[in-house]
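In my numbering, the protein residues as written are 16 to 116. The C-beta atom is built at its ideal place from N, Cα and C for all residues, glycine as well. Because the structure is a prediction, the values reported are computed rather than measured.
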C-alpha cells in the first residue's frame, strides 16, 4: 500500500509539473507550499497516514487549493469497480470537508 501511495504521488507530481497550469493554480500551489514549509498544514505523507482510503482505492490526482482562505487538498480516487470518488480535505487538520462521486 505504501509503495502504491508513493508511486501515485510521484506520478501526480510529475504530471502536474509537466502540464502548464493557470496562474491561479500556481498561486494556490505556492501558498500551500509556504504553509507546508511553516508547518501550518499537513504533508501529503502525513495526510495519507491519517486517512483510511481503503485497500483497493488508487489515487488518481491530488491538488492543493486555497478556497475562501482555507487550505485544502482535493483527492481523486479510483475505487474497485471503476467508481471515481473525490474527497475535499482540510489541509490543516486532515478532516474530510466534502465527498462526492
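Please report the straight-line C-alpha distance between residue 107 and residue 42, rounded to a whole angstrom. 18 Å
For residue 58, which residues of its own chain have a beta-carbon under 7 Å away from its beta-carbon, when the five flanking residues on both sides are left out? 51
Am I right that residue 87 and residue 75 are in contact with their C-beta atoms under 8 Å? What's the rounded C-beta distance? Going by Cβ atoms, the distance from residue 87 to residue 75 rounds to 17 Å, so no, they are not a contact pair.
Measure from the alpha carbon of residue 96 to the alpha carbon of each residue in 71, 54 and 67, then state which is nearest. 71
If you follow the beta strand (DSSP E) that residue 92 is part of, which residue opens it and which one closes it? 85 to 93
When you compare only the Cα positions, how much space is there between residue 48 and residue 109? 16 Å
Just to confirm, are residue 93 and residue 65 a CB contact at a threshold of 7 Å? no
Out of 54, 53, 111 and 105, which has the shortest C-alpha to C-alpha gap to residue 84? 105
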